[in-house]
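*Asks:* Last residue of the sequence shown: number 239 in our numbering, and the count goes up by one each step with no gaps.
Where is the CB? At the ideal position from N, CA and C, for every residue including glycine.
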Amino acid sequence: MKFQIGFDGMKDTELTPLKIQHTDADTPFLLSKHLQSIFSKLPTYQPIVVICVGTDRSTGDSLGPLVGSHLNRTTNLRNLHLFGTLDEPVHAMNLSETVDKIQRQFDNPFIVAVDACLGQVSSVGCIQVADGPLKPGAGVNKDLPPVGNIHVTGIVNVGGFMEYFVLQNTRLSLVMNMANVIGDALHSALRRTQAYAPSAKTALQID
Numbered sequence: 033m034k035f036q037i038g039f040d041g042m043k044d045t046e047l048t049p050l051k052i053q054h055t056d057a058d059t060p061f062l063l064s065k066h067l068q069s070i071f072s073k074l075p076t077y078q079p080i081v082v083i084c085v086g087t088d089r090s091t092g093d094s095l096g097p098l099v100g101s102h103l104n105r106t107t108n109l110r111n112l113h114l115f116g117t118l119d120e121p122v123h124a125m126n127l128s129e130t131v132d133k134i135q136r137q138f139d140n141p142f143i144v145a146v147d148a149c150l151g152q153v154s155s156v157g158c159i160q161v162a163d164g165p166l167k168p169g170a171g172v173n174k175d176l177p178p179v180g181n182i183h184v185t186g187i188v189n190v191g192g193f194m195e196y197f198v199l200q201n202t203r204l205s206l207v208m209n210m211a212n213v214i215g216d217a218l219h220s221a222l223r224r225t226q227a228y229a230p231s232a233k234t235a236l237q238i239d
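1) Which value, in whole angstroms, describes the spacing of the CA atoms of Cys158 and Pro79?
2) Buried or exposed for Val153, please, with buried defined as at least 16 other CB atoms from any protein chain shown within 10 angstroms of its CB.
3) Whole angstroms are fine: how far does the CA of Thr91 sit from the CA of Val198?
4) Measuring only the C-alpha atoms, how far is Gly151 from Gly180?
5) Could you give the distance in angstroms between the alpha-carbon of Ala124 and the alpha-carbon of Asp93?
6) If you draw a straight line from the C-alpha of Ile214 to the C-alpha of Gln200, how long is it?
7) Express the C-alpha separation of Phe138 and Asp132 in angstroms, rounding to a whole number.
8) Tell me, please, which residues DSSP counts as bridged to Ala124.
9) When DSSP labels each residue in this structure, what does Gly180 get in the three-state scheme?
10) With a 10 Å radius around its C-beta and 16 neighbouring C-beta atoms as the bar for buried, classify Asp147 as buried or exposed.
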């Protein structure tokens, strides 16, 4: 499935990637600002869908559902289109079905995909935002459909060897802290985008 970036008049513009350690003092502000700069370029009529990929059955892979539950619980975004929480996770068994549902339900949605990933030792704890679709399951040899116009990933542990075991033995504290940072940044970016939108009737509605 092909996803277009969907920027109004900027469809061929590539997003400058961001990679930042979640514990840095400036991370919440910089991450939110970066996401807001992306959302502010979208037409106000284009729906924004956040799909949080992962499972609550693996500590390392629970980052996505934790972000989804954080958004679902702590935000007052009345029109937030959210898929993937701890109660209703989006994982390998239902990802294709969920992507098809989103494409049927929304007209040209701008999809933000959130997921955990593995990386180098020096990158553990980093949050990344990049252009293009997420390729979930690539690190554990799963053939899953790509999803997202942009993707937000959290590097939760070291990759390259026994990935399933590594994900199962990732510290919950790290994953939860990263999920809170990502969830807060997404909420702030969406709220600020709404505040500066030219028309409240056509923009994402927020209480």
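*Replies:* Concretely, from the data shown:
1) 28 angstroms
2) exposed
3) 9 angstroms
4) 20 angstroms
5) 11 angstroms
6) 21 angstroms
7) 10 angstroms
8) The partner list for Ala124 (beta bridge, DSSP) is empty, contrary to what the question assumes.
9) coil
10) buried
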